[in-house]
Amino acid sequence: MIQLTPARRRELRASAHHLNPVVTVAGNGLAPAVVAELERALQAHELIKVRVQGTERDQREALMVELCDKLGAAAVQHIGNILVVWRERREEERSRTAGEATKRAPRAATAKSAAAFAASARRAALSKAAAEKRRAPSRTPGGRTLGGLGRNR
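In this note's numbering, the protein residues as written are 881 to 1033.
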């Protein structure tokens, strides 16, 4: 379990104030699926709230200690049935996700840009054709204009 200074704990409590709980721990306690979800949430957000249901205060405190030990996190706050936990993102996952994002981003951006460019070109061509059609009045085989919009010259 990571130990925090009082000043850092105060900063984290202030940051967590507006957060909603991302994981709920119920009767089964810290099941492997719950621990995996907490791990993903901590990797994604660093600071999370956990809602604990159906336990007494002493059990919630023990759960907070167990949770922090399993995840290598720091206990920030325990108010009622809400636990606030913090852990810095792990480097190996951060660098792996950054590498995946840079690999995917150019292809996705290129495809999106090409599709957007093609759609824009189609709209421009249709707009130009509609404008040309409006400008040129229709003529009858005798050379007269229809609708009285133009003059015979």
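A virtual CB, placed ideally from N, CA and C, is assigned to each residue, including glycine.
These numbers were taken from a predicted model, which means no experiment stands behind them.
Can you tell me which of the options puts its alpha carbon nearest to the alpha carbon of residue i?
i	options	result
glutamate 971	Ser895, Thr904, Ala924, His898	Ala924
glycine 934	Leu927, Asn961, Ala942, Ala916	Asn961
alanine 916	Lys1013, Val956, Leu947	Leu947
glycine 907	Lys1008, Glu936, Ala1011, Ala1009	Glu936
Using 10 angstroms around the beta-carbon of residue i, count the other beta-carbons present and answer buried if the total reaches 16, otherwise exposed.
i	result
valine 903	buried
For residue i and residue j, I'd like the C-alpha separation in whole angstroms.
i	j	result
glutamate 919	leucine 910	12 angstroms
leucine 892	arginine 1002	52 angstroms
isoleucine 959	arginine 940	10 angstroms
phenylalanine 997	alanine 1016	29 angstroms
valine 914	valine 965	14 angstroms
lysine 1013	alanine 1004	14 angstroms
histidine 898	serine 1000	41 angstroms
proline 912	leucine 1006	58 angstroms
valine 905	methionine 881	19 angstroms
Which whole-angstrom value describes the C-beta separation of residue i and residue j, a residue pair presumed to lie in contact below a C-beta threshold of 8 angstroms?
i	j	result
alanine 954	glutamine 883	7 angstroms
methionine 944	leucine 963	5 angstroms
arginine 969	glutamate 926	6 angstroms
leucine 951	arginine 967	6 angstroms
alanine 896	valine 956	6 angstroms
Spatial neighbours of residue i within its chain, please: CB distance less than 7 angstroms, with the 5 preceding and 5 following residues excluded, ordered by chain position.
i	result
asparagine 900	Lys929
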